[in-house]
Every structure is written in C-alpha cells, then in structure tokens.
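Trainee:
Residue numbers (the numbering used here): 180 to 479.
(1) Quick one: grab the DSSP three-state call for residue 345.
(2) What would DSSP say about residue 210, mapped onto helix, strand or coil?
(3) If you scan the stretch 309-366 from start to end, which runs of the alpha helix (DSSP H) of 4 or more residues do you find wholly inside it?
(4) Look up residue 380 in the DSSP assignment and say whether it is helix, strand or coil.
(5) Is residue 473 helix, strand or coil when you go by DSSP?
(6) Do you know whose CA, among 217, 236, 459, lies nearest residue 225's CA?
(7) With a threshold of 6 Å on Cβ separation, who are the neighbours of residue 222 within its own chain once the five nearest residues in sequence on each side are excluded?
(8) Inspect the beta-carbon positions of residue 291 and residue 214 and report whether they are closer than 8 Å.
(9) Let me know the secondary structure DSSP gives residue 260 once reduced to three states.
(10) Would you mind stating whether residue 431 and residue 359 have Cβ atoms separated by less than 8 Å?
(11) If you follow the alpha helix (DSSP H) that residue 294 is in, where does it begin and where does it stop?
(12) Note down the Cα distance separating residue 240 from residue 427, rounded to an integer number of angstroms.
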C-alpha cells in the first residue's frame, strides 16, 4: 500500500503585526511622580484607597482626637464661658498618647511594606529619584500628623466663635497652636519614619516607634520630678532636651507664651528656648539625612 506524499499539508504559518508603538503622550516627569507618591502616602495614612479594615484604626484615633474638643466646645457654648477650658497649645500635649499610637501604626505602614516586599528599587527607576521618595514620604507623614493635631484646634476655634469669645484673642491663640502642632508634626513624623525604616517588619517598626516616644517621655518626666523634689530646678529645663514631646513643650513655652507642663511651672526662657529650637531643627534635618542614607543603600 502506497501513500501519496505529493499533497503536503497546507502551510498555516502567519506573521501578525501586533502594532507595538512607542508612547508619544505627555511626559509628566518627576514632579508629577513625587506629587502622586505624596498623595498616595497621605491617603494611605488614613486608610483611604485601602481595605475597610485599614481605615478603622486611623479613623478611630482621629475621632478620639476630636471628641474632647467637641465636648469642650459644647460646654463653652452652653455655659457661655468667656474662654476655653484648655489652651490651644496644650491640646496636643494632653493627647500625646493618641498621637504616638497613630504614628506607631501608620509610619511602618508607609515605609515598611516597601522594604519588606523589595519594591523600593522600582520607585527609583525613571523618573523618580531617592530624594523624591524621601520627600514624599516625609511630607505625607508630617501632613497626616498635622491633620490629626490641627483638626481639633479648628473645632476649638469654631466653638469659641459660636460662644462669642473675642475674635482677635482666639485667632491669635489658634495661630500659636497651629505653629506648635506644625513643628510637632515635622519632628514626630521624621523620627517615626526613621524608626520604621530601620526594619522591614511592621511589628518591629511599631514597637520601635512606641518605645522611642513613651520611654523617652517617661524617663525625662521621672528625672524632672526627681530634680524638682530635690530642689534642683536648674536641671529641669536641660532634661527637657531628651524627649520629643518636652522639646515641643519647651519651644512653645519659650516663644509662643504657652503654659508649660514642666514640674517647676516655669519652663525654659528665651535663651534656653533657642537651644530647644535648634535641637528640634537638628532632629528634623537629621531624620531627613538618615532616611536619605537608608534609601541610598536600599536602592542599590
């Protein structure tokens, strides 16, 4: 039996032109990438654009920050008080635990996941660079803290207007409060990001942030109390240099005329206040420098 090989199978080979084309649209550049990263990081600090579970803690802490201000305002309006029962510059000091918990939960979320999943080098491909990444993350964390700490102050100011308090006086104190929390946001945001960026493990980052703020404040407060009890008041103002919260307390006492939380009730004067301010600025600049160094190594 023979087979006819003269009839070969038809050739089905085809060459398809799938039309790959180079992108010829607008090049938005580094500035757009930096703004996008800032916006995404700021939204992420409040769980926006993430799962519903991720929104619970930041929104709950935001509510905890604002509820005392609402109560103070309600009492002031009903009882027709001539002044609020708390100073604008004191509000963040009284709720520093809430601020520390918020920072401990959100700073690792902002940077630890990028380190853990090794996505940082992807950011450093064109057009974004390391300085853009650090500036966006630093700015977003500081802005998130400012929203957290300034919102209750805005509630207090609106409440003072509803209670028909003096507009000029309340506006002046409101402005002082905003300056105070802006400085606090930069300082806390920088330190929090540095601690969180040291490890890709979010749990370790949370523990590190809480330890830095709670242990430092507890130790400094204890030493201040000992110095006051032993009539060594001169040491109190210098001890305040070793805790982020007492640094902010000292700066606003020296330059904003705010009441102090120091045991002696005096706080640092203008001369020592300059030292406090320089230390705060040095810590903010140092935090930025450490983050730049950290991400220079990570990006390689």
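Heads up, the beta-carbon is just placed ideally off N, CA and C, and yes, glycines get one too.
Mentor: Result, derived from the coordinates:
(1) coil
(2) helix
(3) 309-341
(4) coil
(5) helix
(6) 236
(7) 228
(8) no
(9) coil
(10) yes
(11) 275-295
(12) 21 Å
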